[in-house]
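Visitor:
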Amino acid sequence: MNKNFDLKSTSGQARAGVLKTRRGEVQTPFFMSVATRAAIKAGVGMEDLEAIEAPVVLCNTYHLHLKPGEALVEKMGGLHEFMKCDKPMLTDSGGFQVFSIKRKKITDEGVWFNSHIDGKRIWIDAERSIDIQHKLGADMIMAFDECPPSRLQNPMEPPTNPAELKGWKRRQERKLYFKIRTAVERTTAWAKRSIDAHAAKYDLSLPPTQRPQLFGIVQGGCFKDLREQSLKEITALPFDGFALGGLAVGEPSEAMYKVLDEIAEKLPADKPRYLMGVGSPKDLIEAVARGIDMFDCVFPARNARHGTAYTWNGELRITNQEFEASTDVLDVSCGCPVCQNGKGYTRAYLRHLMTVDEELGKRFMTIHNLAFYHDLMRTMREQIMADNFEPWKAAALVKL
RNA sequence: GGGUAGUUAGCGAAGUGGCCAAACGCAUCUGACUGUAAAUCAGACGACUCCGUCUUCGGGGGUUCGAAUCCCUCACUGCCCA
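For the first sequence, our numbering begins at 1 and goes up steadily by one.
1) Please name the residue in Ser-150, Val-56, Glu-127, Trp-112 whose C-alpha comes closest to that of Gly-250.
2) Considering only their Cβ atoms, is the gap separating Pro-208 from Asp-240 smaller than 7 Å?
3) Leaving out five residues on either side along the sequence, give the residues of the same chain with a beta carbon under 8 Å from the beta carbon of Lys-343.
4) Among Leu-49, Ala-189, Gln-27, which one has its Cα closest to the Cα of Thr-107?
5) Is it true that the CB of Ala-35 sits closer than 7 Å to the CB of Cys-59?
6) Whole-angstrom Cβ separation of Asp-92 and Met-142, contact assumed at under 8 Å?
7) Quick one: what does DSSP say Gln-213 is sitting in, helix, strand or coil?
8) Could you give the distance in angstroms between the alpha-carbon of Leu-260 and the alpha-carbon of Ala-325?
9) Look at Gly-17 and Phe-5 and say whether their C-beta atoms are less than 7 Å apart.
10) Which of the three DSSP states is assigned to Arg-128 in this structure?
11) Quick check on the burial criterion: 16 or more other C-beta atoms within 10 angstroms. Buried or exposed for Thr-311?
12) Compare the beta carbon distance of Ala-191 and Ile-234 with 7 Å and say whether it is the shorter of the two.
13) Between Arg-290, Arg-186, Met-256, which lies nearest to Ser-11 when the distance is taken from Cα to Cα?
14) Report yes if the C-beta distance between Pro-162 and Trp-168 is below 7 Å; otherwise report no.
15) Give me the residue from His-80, Arg-170, Leu-66, Ile-117 with the minimum Cα distance to Arg-128.
16) Helix or strand or just coil, what does DSSP make of Ser-194?
17) Starting from the Cα of Asp-283, find the closest Cα among Ala-301, Leu-247, Pro-272, Arg-305 and give me that residue.
18) Report the option in Asn-341, Ile-217, Asn-320, Phe-372 whose CA atom is closest to the CA atom of Ala-348.
19) Which ranges would you report for the alpha helix (DSSP H) in the stretch 81-158 if only whole runs of at least 4 residues count?
20) Let me make sure I understand the geometry here. Which of Leu-136, Lys-120, Pro-212 has the alpha-carbon closest to that of Leu-19?
21) According to DSSP, is Thr-311 helix, strand or coil?
22) For Val-18, write down the residues that DSSP places opposite it in a beta bridge.
23) Where Met-365 and Lys-8 are concerned, what is the direct C-alpha to C-alpha distance, given to the nearest angstrom?
24) Which residues in the same chain as Leu-267 place their Cβ atom closer than 6 Å to its Cβ, once the five residues preceding and following it in sequence are excluded?
25) Given that a residue counts as buried once 16 or more other Cβ atoms are within 10 Å of its Cβ, and exposed if not, what is Leu-49?
26) Would you list the residues sitting across from Phe-223 in a DSSP beta bridge?
27) Around the C-beta of Met-76, are 16 or more other C-beta atoms found within 10 angstroms, so that it is buried, or is it exposed?
28) Along the chain, where does the alpha helix (DSSP H) containing Val-398 start, and where does it finish?
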């Protein structure tokens with residue numbers, strides 16, 4: 001009763017379970033549709049998410065704080081009411097913007113951002129982030145963290161002399177190490193402040209199904225010791241779930257898998273595990289195989305807008321001339337409103353829409369890609385329940 | 001029949017003696033995109049034995065050290081006059 005996560009079955013390290021929120025239960029593993037500014041882009045609305053059975057929606061604290069502001073959203077009855085969304089929702093804390101916004105200044109206290117809209121200086125710290133998220137009203141909220149790049153952003157030109165190169169590489173590595181160690185320390189400090197801010201408004205002894213849940217974030221880049229340190233410090237705190245942050249931010253996929261190998265299994269088994277911002281279909285499969293339960297990523301939506309469709313036979317660049325007169329749908333096995341199991345819109349039509357830059361094309365592509373992602377997660381759940389994950393994975397990866 | 005404007009790489013269109021294998025746009029192709037400052041960005045786009053060489057700017061012939069650019073001629077296209 002006091003748990004928000006039930007593990008139903010495992011297959012290898014892969015887990016299938018149920019995440020319980022105050023707005024209903026969700027089968028894990030699942031993928032969250034990203035609606036940063038309270039909207040999936042490309043004209044995709046809640047009806048569309050309903051049609052493709054998208055389980056959870058994610059919005060962003062930083063963006064909604066800028067516009068329309070959490071006060072307005074609260075006044076409008078919270079994000080669910082504002083968006084007419086009755087699905088469980090998660091808000092990111094703005095921590096990722098610590099990584100992605102160029103103009104900002106990070107201190108131990110918090111972060112100054114220059115608004116990407118009008119340049120206005122914005123202060124966000126743990127308390128502020130949690131307060132904003134409370135007002136937005138999501139069912140799962142994230143602790144405020146520092147997400148550092150996994151590699152140095154502007155490394156100096158490496159020396160050409162091989163003798164000097166070795167020392168140079170070591171110095172760069174150390175520099176990165178200390179940068180990420182600082183991020184780990186801040187993330188822990190901010191995690192505690194996030195918990196306090198959350199506890200100040202909600203009684204944490206209440207079952208997680210009766211209040212917003214707060215997730216902690218583990219940082220540490222690709223350094224095993226820093227990851228372990230962060231994991232130890234974060235999991236010591238009374239969070240409702242745990243996320244891995246700072247991955248898929250520039251490092252090769254193999255490096256990310258290695259981190260998952262090293263620490264995913266050490267995350268508490270009785271809480272949901274969330275790999276933030278990941279990823280490609282392959283990444284999702286590899287991460288589920290290592291015990292991750294929750295994901296979100298801009299890939300399906302953004303790549304849809306950029307002309308890439310995901311199918312069970314791999315990626316498709318829909319604007320390619322080869323589809324000019326194709327009567328196929330994107331994926332015959334897809335039951336989304338666009339493919340309709342083969343009876344839907346043809347690749348030729350979608351290509352046409354995309355090449356003439358019609359909104360409808362991006363909308364259809366987005367709906368399909370999100371549907372594919374949810375279908376992929378659903379399939380993985382089934383395969384875990386059938387304890388057939390590894391064989392399925394091996395076969396699936398050949399095509400994807 | 002007369003006049004006039006034009007003919008440039010897949011298309012459109014700059015260039016009007018050397019810095020032109022030839023701007024730019026479209027089309028085409030290839031990359032990139034991972035808690036969305038992203039309906040975005042980068043690259044290729046005459047041929048090849050590809051850090052160099054070769055063949056191009058309607059056809060042919062000239063002038064010139066050198067021509068897509070000047071001259072002659074032919075062909076075709078648009079417009080105007082008969």
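Built from N, CA and C at the ideal position, the CB exists for glycine as well.
Guide: Quick answer:
1) As a first step, residue 250 must be located in the first sequence, where it is residue number 250. Closest option to Gly-250, Cα to Cα, is Ser-150.
2) Counted from its first residue, the first sequence places residue 240 at position 240. Counted from its first residue, the first sequence places residue 208 at position 208. Contact flag set, yes.
3) Position 343 of the first sequence, counted from the first residue, corresponds to residue 343. Cβ neighbours of Lys-343 beyond the five flanking positions: Val-329.
4) Walking along the first sequence from the start, residue 107 turns up at place 107. Per the Cα distances, Ala-189.
5) Locating residue 59 in the first sequence gives position 59, counting from the first residue. Locating residue 35 in the first sequence gives position 35, counting from the first residue. The answer is yes: Cβ separation under 7 Å.
6) If you number the first sequence from 1, residue 92 lands on position 92. If you number the first sequence from 1, residue 142 lands on position 142. At roughly 5 Å, the Cβ-Cβ gap stays under 8 Å, so Asp-92 and Met-142 are in contact.
7) As a position in the first sequence, residue 213 is number 213, starting the count at 1. Here Gln-213 sits in strand by DSSP.
8) Working through the first sequence from its first residue, we reach residue 260 at position 260. Working through the first sequence from its first residue, we reach residue 325 at position 325. One C-alpha to the other measures close to 43 Å.
9) Stepping through the first sequence from its first residue, residue 17 is reached at position 17. Stepping through the first sequence from its first residue, residue 5 is reached at position 5. Contact: yes.
10) Indexing the first sequence from 1 puts residue 128 at position 128. Residue state, collapsed to three classes: helix.
11) On the first sequence, residue 311 is found 311 positions in, with the first residue counted as 1. The residue in question, Thr-311, is buried, as its Cβ has 16 or more Cβ neighbours within 10 Å.
12) Residue 191 sits at position 191 when you count from the first residue of the first sequence. Residue 234 sits at position 234 when you count from the first residue of the first sequence. Contact flag set, yes.
13) Your numbering for residue 11 matches position 11 in the first sequence. Selected option, being the one with the closest Cα: Arg-290.
14) As a first step, residue 162 is located in the first sequence; it is residue number 162 there, counting from the start. As a first step, residue 168 is located in the first sequence; it is residue number 168 there, counting from the start. For Pro-162 and Trp-168, no; Cβs fall outside 7 Å.
15) Translated into the one-based positions of the first sequence, residue 128 becomes position 128. If we check each option's Cα against that of Arg-128, Leu-66 comes out closest.
16) By 1-based counting over the first sequence, the position of residue 194 is 194. Of the three classes helix, strand and coil, the one that applies to Ser-194 here is helix, per DSSP.
17) Start at 1 with the first residue of the first sequence, and residue 283 comes out as number 283. If we check each option's Cα against that of Asp-283, Leu-247 comes out closest.
18) By 1-based counting over the first sequence, the position of residue 348 is 348. Among Asn-341, Ile-217, Asn-320, Phe-372, the Cα nearest to that of Ala-348 belongs to Asn-320.
19) 95-100, 126-136
20) Start at 1 with the first residue of the first sequence, and residue 19 comes out as number 19. Cα-wise, what sits closest to Leu-19 is Pro-212.
21) Counting from 1 along the first sequence, the entry for residue 311 is found at position 311. Note: Thr-311 maps to strand in three-state DSSP.
22) Residue numbering aside, residue 18 sits at position 18 when the first sequence is read from its first letter. According to DSSP, which records beta bridges pairwise, Val-18 is partnered with Asp-6, Gln-27.
23) Mapped onto the first sequence, residue 365 falls at position 365. Mapped onto the first sequence, residue 8 falls at position 8. The alpha-carbon atoms of Met-365 and Lys-8 are separated by roughly 33 Å.
24) The residue labelled residue 267 in the question sits at position 267 within the first sequence. Excluding positions up to five away in sequence, the list reads Phe-242, Arg-273.
25) Locating residue 49 in the first sequence gives position 49, counting from the first residue. Counting Cβ neighbours within 10 Å, Leu-49 comes out buried, since at least 16 surround it.
26) Residue 223 sits at position 223 when you count from the first residue of the first sequence. Bridge partners of Phe-223: none, in fact.
27) As a working mapping, residue 76 is identified with position 76 in the first sequence. Under this definition Met-76 is an exposed residue.
28) Here the question's residue 398 lines up with position 398 in the first sequence. 389-399 is the extent of the alpha helix (DSSP H) around Val-398.
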